[in-house]
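What follows is one structure encoded as structure tokens, with my remarks underneath.
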Amino acid sequence: MKFGIVVFPGSNCEHDVYHVVKHLLGHDAVFLWHKDPAFSGIDCIVLPGGFAHGDYLRCGAMARFSPIMGAVKQFAERGGLVFGICNGFQVLSEAGMLPGALVRNAGLQYLCRDVSLRVERQDTAFTGRIKQGAVLRVPIGHGEGCYYAPDALLKDLEQKRQVVFRYCDERGEVTAEANPNGSLHAVAGVVNERGNVLGMMPHPDRCAEEILGNTQGRRIFESIVHAWQQARRNRL
Amino acid sequence: MKARVFVTLKRGVLDPQGKAVCTSLHQLGYREVTDVRIGKCMEVTLGGLPRQEAERRLKAMCEKLLANPVIEDYRFEFLDE
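Chains as they are written, first to last, in this note's numbering: chain A, 1 to 236; chain B, 237 to 317.
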């Protein structure tokens, strides 16, 4: 499987993602510069964390106009897997590829710590190797991770089961105390209607190997590989 | 031609910065303050366009980039030179 990791000026987690998919999972990975107008032979696009274009104006606002984003959009429209982590999630929501918006954390502070996430569904390309209802421990590192969507949209998202990860406590209960940033409906990650574009604020790329004390993030990357293998098998 | 664009969070979108400033004003003794909302102000200089056309294009700029319609409202005014 081949991952394409988009690098914007200001991205800073592209090597974390590269390390996970290449060295830990043993798959192929290439960096794609944001000015590339096209790419080919890629099975999954990852938009990594960081501060694309300095996060000027709003997080993700300028990245959306990078030449590569046109190709990323087309790739998604053809059903390609697109995975946005942290700043990548912000870029996808600004680009209109995911619903809602990410605004300043309710407590105003930049937060860098572990949180618990409840996996709301197993039937996505990003969570196929994780049981629904499982609780993952994954770090966050963001100042603008408060998920916002108008009431009608939130209702729609819940009905269509587009919330994939929710902030929760260690037992999987969604409580106000367990919500680090004030996200509405405790949303930590959403998928598009078609199910091939996922954005999440927490960083599975930062907890995918033993030496870091936590390997739970690896299961998300393994799920992506599993989904790709299944899709390939179905094609053959 | 200069225009001033104001971008503010929609009603209903939490504005923690505004809340913090409101609390600080209370601590300074300005108890009459009941709410503070913080936004952005941008000065945009446009060249060589008739006013009506500039207005039309500025509206498009706001909708495409300067404001995010999911969370923000915008308005603008032209400044007399």
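Heads up, the beta-carbon is just placed ideally off N, CA and C, and yes, glycines get one too.
Keep in mind that this is a model prediction, so the values were computed, not measured.
Endpoints, beta strand (DSSP E) assigned at residue i
| i | result |
| --- | --- |
| D28 of chain A | 28-33 |
| T244 of chain B | 238-245 |
| G88 of chain A | First-last for G88 of chain A: 87-94, but that is the alpha helix (DSSP H), not the beta strand (DSSP E). |
| K276 of chain B | 275-281 |
| G50 of chain A | Taken as a continuous stretch (DSSP letters only), G50 of chain A belongs to no beta strand (DSSP E), as it is neither H nor E. |
| G188 of chain A | For the sequence presented, residue 188 of chain A should be read as Ala rather than Gly. Per DSSP, A188 of chain A belongs to the beta strand (DSSP E) from 187-191. |
| Y148 of chain A | 146-148 |
Cβ pair residue i, residue j closer than 9 Å
| i | j | result |
| --- | --- | --- |
| L250 of chain B | C146 of chain A | yes |
| Y56 of chain A | L102 of chain A | no |
| L282 of chain B | K238 of chain B | yes |
| E308 of chain B | G275 of chain B | yes |
| Y167 of chain A | A178 of chain A | yes |
| I42 of chain A | C86 of chain A | no |
| L81 of chain A | A208 of chain A | no |
| D205 of chain A | V20 of chain A | yes |
| R311 of chain B | F242 of chain B | yes |
| A95 of chain A | R64 of chain A | yes |
| E210 of chain A | R129 of chain A | no |
| L294 of chain B | V280 of chain B | yes |
| N304 of chain B | A61 of chain A | yes |
| P48 of chain A | V72 of chain A | no |
| P150 of chain A | G248 of chain B | yes |
Three-state class that DSSP yields for residue i in the structure shown
| i | result |
| --- | --- |
| N179 of chain A | coil |
| E120 of chain A | coil |
| N196 of chain A | coil |
| G107 of chain A | coil |
| F8 of chain A | coil |
| V21 of chain A | helix |
| R113 of chain A | strand |
| L102 of chain A | strand |
| A63 of chain A | helix |
| E14 of chain A | helix |
| K160 of chain A | coil |
| E210 of chain A | helix |
| K2 of chain A | strand |
The alpha helix (DSSP H) enclosing residue i, as first and last residue numbers
| i | result |
| --- | --- |
| M297 of chain B | 287-297 |
| L47 of chain A | Per DSSP, L47 of chain A belongs to no alpha helix (DSSP H); it is in the beta strand (DSSP E), 44-47. |
| Y56 of chain A | No alpha helix (DSSP H) contains Y56 of chain A, which DSSP labels as neither H nor E. |
| E170 of chain A | It is not in any alpha helix (DSSP H) - E170 of chain A carries neither H nor E in the DSSP assignment. |
| R311 of chain B | Run containing R311 of chain B: none in the alpha helix (DSSP H); it sits in the beta strand (DSSP E), 308-315. |
| H226 of chain A | 218-235 |
| P139 of chain A | Per DSSP, P139 of chain A belongs to no alpha helix (DSSP H); it is in the beta strand (DSSP E), 135-142. |
| G248 of chain B | G248 of chain B -> no alpha helix (DSSP H), and no H or E assigned at all. |
| C258 of chain B | 252-263 |
| V72 of chain A | 68-77 |
When the options are compared against residue i, the one with the closest alpha-carbon
| i | options | result |
| --- | --- | --- |
| V138 of chain A | A:P202, A:C59, A:V46, A:V197 | A:P202 |
| P37 of chain A | A:H53, A:S66, A:A76 | A:S66 |
| I224 of chain A | A:S183, A:V46, A:W33, A:A106 | A:V46 |
| C44 of chain A | A:F31, A:E173, A:G100, A:S116 | A:F31 |
| V164 of chain A | A:V190, A:T215, A:E14, A:V20 | A:V190 |
| G26 of chain A | A:M1, A:V135, A:G49 | A:M1 |
| T175 of chain A | A:R118, A:R78, A:D156 | A:R118 |
| E144 of chain A | A:A134, A:G107, A:G172 | A:G107 |
| T270 of chain B | B:E279, B:M278, B:T259, B:V280 | B:T259 |
| K155 of chain A | A:L136, A:Q132, A:G128, A:L184 | A:L184 |
| C13 of chain A | A:H142, A:P150, A:R78 | A:H142 |
| R240 of chain B | B:C277, B:R247, B:Q263, B:G248 | B:C277 |
| P180 of chain A | A:N105, A:G79, A:I68, A:A63 | A:N105 |
| G79 of chain A | A:R233, A:Q230, A:V197, A:G217 | A:V197 |
| G182 of chain A | A:F3, A:N214, A:Y110, A:L236 | A:Y110 |
| R161 of chain A | A:F8, A:Q132, A:P150, A:H23 | A:Q132 |
| V187 of chain A | A:T215, A:E158, A:N214 | A:E158 |
| Q90 of chain A | A:C59, A:E120, A:Q74 | A:C59 |
| D123 of chain A | A:Q216, A:Q230, A:G213 | A:Q230 |
| G88 of chain A | A:N214, A:F8, A:G217 | A:F8 |
Contact belief for residue i with residue j at Cβ below 8 Å, rounded distance in angstroms
| i | j | result |
| --- | --- | --- |
| F51 of chain A | G10 of chain A | 4 Å |
| G199 of chain A | S93 of chain A | 6 Å |
| I68 of chain A | T127 of chain A | Not really, about 26 Å apart at Cβ, beyond 8 Å. |
| M97 of chain A | N192 of chain A | 7 Å |
| V115 of chain A | G172 of chain A | With 8 Å as the limit, V115 of chain A and G172 of chain A do not qualify as a contact, their Cβ atoms being about 13 Å apart. |
| V6 of chain A | H23 of chain A | Not quite, the Cβ-Cβ distance comes to about 19 Å (not below 8 Å), so this is no contact. |
| G54 of chain A | V306 of chain B | Contact flag wrong, Cβ pair sits at about 21 Å. |
| L261 of chain B | V272 of chain B | 7 Å |
Within chain D, the residues that residue i reaches when beta carbons sit closer than 7 Å
| i | result |
| --- | --- |
| Q263 of chain B | The structure shown contains no chain D; its protein chains are A and B. |
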